[in-house]
Structures are given as structure tokens and as C-alpha cells.
Amino acid sequence: MNVMIVNGNPDPDSGFDARLSRLAESARARGDRVQEFTLRELSIAQCVGCFGCWVKTPGICVFRDDQENILRGYVAADLVVMASPLIMGFTSALLKRCTDRIIPVLLPFIDTSTGECRHFLRYGKAPLLAVVYAPEPDTDPEDVEIAANLWQRLARNAGSRIACFRSLEQPLEEVWNELDRD
1 MNVMIVNGNP DPDSGFDARL SRLAESARAR GDRVQEFTLR ELSIAQCVGC FGCWVKTPGI
61 CVFRDDQENI LRGYVAADLV VMASPLIMGF TSALLKRCTD RIIPVLLPFI DTSTGECRHF
121 LRYGKAPLLA VVYAPEPDTD PEDVEIAANL WQRLARNAGS RIACFRSLEQ PLEEVWNELD
181 RD
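Numbering follows UniProt numbering, in which position 51 of the sequence shown is assigned residue number 51; successive positions increment by one, without gaps.
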């Protein structure tokens, strides 16, 4: 399986990266091909909503930055793991900036066959998404439910779905067991 891990942790000293590295190592041990991106080390502009990626340069963002490599990895992946500590109840701004810039993989045309408006996929398929997070000290079940619901909506809008929404504090076997059931 082609796995892409997107690390949205803004703090390299938090311990999050070490836990995420163990997840990547366990994927490699399973025989998966793993590509990793650490967003804090990359230059990624914010989406400005110009829709140039749909109209001016179809499938290509008008900003030529490190997001191009992420989009290539996204299109080639079977599974994309979005990883971030929870910050004020949601994943990091780094991860949000990255997901906002995923729209070039969608077409500007609308499909209403599901009863909701969805964009058609530019490349015919979307990877399965997983979200792994580190809770804040005051994270409660309601915080997790809200974040999970938002990610489920983001995935649906990108033509995918969330296979797993798990804390990195849980055993890695539980994360992979949940993904394997999918």
C-alpha cells in the first residue's frame, strides 16, 4: 500500500514527531511504501480562493511551492495519514493550510447524485484518509467528536472518507487494526 503521512505538528520539541515516526516505521514493517511530509519545514502558501487551479491552470495551483509535491503524493497514495496535535480543539493551522490546497485534485463541476453537492474527482480516485492526533491536556470526548465530524466532512468534500480518527497515544496496533478493517 502507498501511504503518505502529512505531519502538521508546529512544535518539533513536543514529542509528537517521535510517536508519528513510530507509526511510519510500523507501516514500513508491514511492507507499505511510506512518503512523509513535515509541513513546518515546507513553504506552502495559503489558498486565496482564486480558483486558478480550476480555470486558469486546471489541476495546478497558481502558487508554485512545496504543495505540488504533496499533491503528487496525494494522488499516488492509497492512504493519506493527516497528523497533528489538537490545538484549541482542532488540528493545526499548518494542516488546515495543506488541506485547503487539495482542491486542484477536484474538478469544478458539481455532482448532486448523493443529494449533496460534491465536486467530481479530477483523477478518478481519492485516497482513503486517516487522522491521527495528540490530545491537549483538557481534550474531552466532545472535542474529539467535533474534530472527527469536521474531518469527515472535509474528507467527503474531497471525494474520500475517514477510515480512522485516532489518538497517537493509543497503541499503534489499534490504529492499524482499524485501518485493516477498512
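Glycine residues also receive a C-beta, built at the ideal position from the N, C-alpha and C atoms.
Select from the options the residue whose C-alpha is nearest the C-alpha of residue i.
i	options	result
Gly-159	Val-175, Lys-125 and Gln-67	Lys-125
Asp-17	Gln-46, Phe-37 and Val-175	Phe-37
Ser-92	Asp-66, Glu-136 and Ser-26	Glu-136
Pro-141	Cys-117, Asp-180, Phe-90 and His-119	Phe-90
Val-6	Asp-143, Asp-66, Glu-173 and Glu-116	Asp-66
Asp-180	Asp-32, Arg-122, Arg-22 and Pro-12	Asp-32
Leu-39	Pro-58, Val-105, Arg-118 and Pro-12	Pro-12
Within the continuous beta strand (DSSP E) that includes residue i, where are the two ends?
i	result
Val-3	2-7
Taking the straight line between their C-alpha atoms, what separation do you get for residue i and residue j?
i	j	result
Leu-107	Phe-63	18 Å
Gln-46	Asp-100	8 Å
Ile-146	Ala-24	26 Å
Asn-9	Ile-60	26 Å
Ile-102	Asp-138	31 Å
Lys-96	Ile-87	12 Å
Gln-170	Trp-176	11 Å
Cys-98	Arg-166	20 Å
Ser-43	Glu-173	33 Å
Ignore the nearest five residues each way along the sequence and tell me which others in residue i's own chain have a CB closer than 6 Å to its CB.
i	result
Leu-168	Arg-19, Val-132 and Ala-134
Ile-162	Leu-129, Trp-151, Gln-152 and Ala-155
Met-4	Gln-35, Gly-73, Ala-77 and Val-80
Glu-178	Cys-164
Output needed for residue i: all residues of its chain with C-beta closer than 8 Å, excluding positions within five of it in sequence on either side, in chain order.
i	result
Ser-14	Pro-85 and Ala-134
Arg-28	Val-34
Contact between the segment 63-79 and the segment 108-119 (3+ Cβ pairs under 8 Å)
Taking a cut-off of 8 Å for Cβ pairs, the segment 63-79 and the segment 108-119 do not touch, as fewer than three such pairs fall below it.
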